[in-house]
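*Asks:*
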Amino acid sequence: RTCWWNGTNWVDSDGYKIIQRLGGTGERPENLNYSHQGFQYYDTTLKKYILWEGENWVNLDGTPLA
Numbered sequence: 453r454t455c456w457w458n459g460t461n462w463v464d465s466d467g468y469k470i471i472q473r474l475g476g477t478g479e480r481p482e483n484l485n486y487s488h489q490g491f492q493y494y495d496t497t498l499k500k501y502i503l504w505e506g507e508n509w510v511n512l513d514g515t516p517l518a
């Protein structure tokens, strides 16, 4: 996806603010839905990348988070 700086925030090609992609477990983005499927987030608590699969956060290989 293309993104650019609009003078205030980084936004995607649709003009929506880019979602934080790094932080602790308690800081994971909220209000994600099926359209965000494939969104990757580095969880600093777990010390690994995780993936939004459309309904839940999972490991990059698709297995449930332990």
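For the sequence shown, my numbering gives the first residue as 453, with consecutive numbering after it. We put the CB at the ideal spot given by N, CA and C, even for glycine.
1) Taking only beta-carbon positions, decide if residue 475 is within less than 7 Å of chain C.
2) Taking only three categories from DSSP, how would you classify residue 478?
3) On the premise that residue 502 lies in contact with residue 517, defined as a C-beta separation below 8 Å, what is that separation, rounded to the nearest angstrom?
4) Relative to the alpha-carbon of residue 487, which residue among 460, 504 and 465 has its alpha-carbon at the smallest distance?
5) Measure the alpha-carbon distance for residue 462 versus residue 515 and round it to whole angstroms.
*Replies:* Answer, in terms of the structure:
1) Given the protein chain composition of this structure (a single chain), no chain C is represented.
2) helix
3) 6 Å
4) 504
5) 31 Å
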